[in-house]
Structure formats: C-alpha cells, structure tokens
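Every letter in the sequence shown is one number past the one before it in the UniProt record's numbering, and letter 194, counting from 1, is 194.
Note sheet for the following structure.
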Amino acid sequence: MGNDSPLVGILTLPCNQDPNDCSGLNLTLPFEPISYVPASYVKFLESGGARVIPLLSDMSDDMITSVMSQLNGILFTGGVASFSNNNNNGTINWYWTQVTRIMEYLRKNKDIPLWGTCLGMEAMICATAMNGTSVMNLNLTANYMALALNFTSYAANNESRMLPSHLNAYTAYIYDTLSTENVTFNEHFYGFNPSVFVSDPYVRTNFTVLSYSSNPILEDIQGSF
C-alpha cells in the first residue's frame, strides 16, 4: 500500500564538529546538545509530503533498530563528521557507529530506500568499501563550483531508477539540462574518483555509477540491489 506521508529518518550530525559547534548557539536547553539535524533537509523532505523522524547519533542499537523498522526511508545529510571509530579524545564516534549500524540493517531490509547527499554519500561508500575510508580521495576539491554531469551508459540507456530520462518530455528536459549546463552545485574538499568502482570489489558489487563530473569526481550512484 502506498503512503502519501512517508516517515523518513534523518541521521543527526555531531555538534562538536566545526563549523556547527552547538555550544555557540546559546540555546536555553536543560541539557547539552550533542547532535543536530540541518533544517534545510527537514524542509526538503516536508515539501514533498514526508514526515521527518530524527535518528539520534547516540541511540542504542535496540532503539535505532526499533525506529528503523517503522520508517519508509532514511537520509544521510551533508555536513561535517568523522569516519573513524573514535574521536580524538578517545570517546566513541557515535555518528560513524550509527552509519555502520544503519548500513548493516539496510543490507538485511532492502525495501527501505537510503539517500545520501555529499557527506552522506561519502559515508555510504566508505561504510561499504572493503578498503574503508582509504577509498576516499582527500584532494578532490570542488569548492563553490557548478558543474555539468557526464552520465554513464547505464543512466543514458534509461536503466536507472533515480534518473529515468525518457519517461516524458519533462524528465528528458531535466536530464538534458544536467548533462549540458553547469547547474549542479559542489562544495566539498573530499570525493571519489570513479576508478574506485573498479579497484574496490565491495563498492563495485553494491553500487552502480550514474554520473561523474569533468574533474573527474563521482557525482551520482545507485544501489545495485
């Protein structure tokens, strides 16, 4: 049965990562916040009719599993977070702990879609890769750049669920605009060279490349299952 108001979980980001240190917000709360959700992503989902549920980065394994079982989708936002198991002070990095928990849950429950933007896409790939975070290139800077997309043959042949280019005149127009005009905004310092989809077998078997930019920087991927 369809759901006109799907429940979508957003994984919260840590407060202790610049430039989003929650301690500088002068919040009148009875507790010290440790994570947050960027409001822009909440508005993005709500504009499409979804209801947003925060997936707190410090939820227990049982709690986050219980919440995920009631969701229609999950979103990993862009932002700033570490992909190591522990923080610099030796404490547990709850953000990365939850990323790995969620990815493991979704491998067993493939009917729940996961969307990752920027940092979120990086997290999805690094959590899947056989070589972990080493597959990410720390020098693929595209800061405040608008770029066109080079679509792969998989996307161009209309095999993608995310980019169905030939459904109608409108989708064909969007596809053409993305591939011929500099309309996709990039603001990042890390990224992936498309060659990672050849070199890492776990990435290659779990994701399909849809597009990359001229740098070349990986831009869009789709789960292969």
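Ideal Cβ placement from N, Cα and C applies to all residues, glycine included.
Problem set entry | Other residues of its chain near Val135: CB distance less than 6 Å, five sequence neighbours each side excluded | Stepping through the sequence shown from its first residue, residue 135 is reached at position 135. Here the set comprises Ala129, Val196, Asp200.
Problem set entry | Ala127 and Val99 closer than 9 Å at C-beta | The residue given as residue 127 occupies position 127 in the sequence shown. The residue given as residue 99 occupies position 99 in the sequence shown. Cβ atoms of Ala127 and Val99: closer than 9 Å.
Exercise. Run through DSSP, which three-state label would Asn186 get?
Worked result: Looking up residue 186 in the sequence shown gives position 186. DSSP places Asn186 in strand when its eight states are reduced to three.
For this session: Within the same chain, show all residues whose beta-carbon is closer than 7 Å to that of Glu122, passing over the 5 residues directly before and after it, in chain order.
Result: Here residue 122 refers to the residue found at position 122 of the sequence shown. The answer, listed in chain order, is Met136, Tyr190.
Exercise. Can you round the beta-carbon distance between Ile217 and Leu114 to whole angstroms, since I take them to be within the 8 Å contact cut?
Worked result: By one-based count along the sequence shown, residue 217 stands at place 217. By one-based count along the sequence shown, residue 114 stands at place 114. No, Ile217 and Leu114 are not in contact; Cβ-Cβ is about 21 Å, not under 8 Å.
For this session: Throw me the rounded Cβ distance for the Thr12 and Val52 pair, which I believe falls under 8 Å.
Result: What you label residue 12 is simply residue 12 of the sequence shown in a count that begins at 1. What you label residue 52 is simply residue 52 of the sequence shown in a count that begins at 1. Contact flag wrong, Cβ pair sits at about 11 Å.
For this session: Look at Thr180 and Ala146 and say whether their C-beta atoms are less than 9 Å apart.
Result: On the sequence shown, residue 180 is found 180 positions in, with the first residue counted as 1. On the sequence shown, residue 146 is found 146 positions in, with the first residue counted as 1. No, Cβ-Cβ distance for Thr180 and Ala146 is not below 9 Å.
Exercise. Sorted by chain position, which residues of the same chain lie with C-beta nearer than 8 Å to Leu75's C-beta, five sequence neighbours on each side aside?
Worked result: Working through the sequence shown from its first residue, we reach residue 75 at position 75. Taken in chain order, the residues that qualify are Val8, Gly9, Ile10, Leu11, Tyr41, Leu45, Leu114, Trp115, Gly116, Thr117, Gly120.
Exercise. How long is the line joining the alpha carbons of Met124 and Lys110, rounded to whole angstroms?
Worked result: Start at 1 with the first residue of the sequence shown, and residue 124 comes out as number 124. Start at 1 with the first residue of the sequence shown, and residue 110 comes out as number 110. Rounded to whole angstroms, Met124 to Lys110 spans 14 Å at the Cα level.
For this session: Determine the direct distance from the alpha carbon of Leu56 to that of Leu210, and round the result to whole angstroms.
Result: The count along the sequence shown starts at 1 and reaches residue 210 at position 210. The count along the sequence shown starts at 1 and reaches residue 56 at position 56. If I take the Cα positions, the gap works out to 30 Å.
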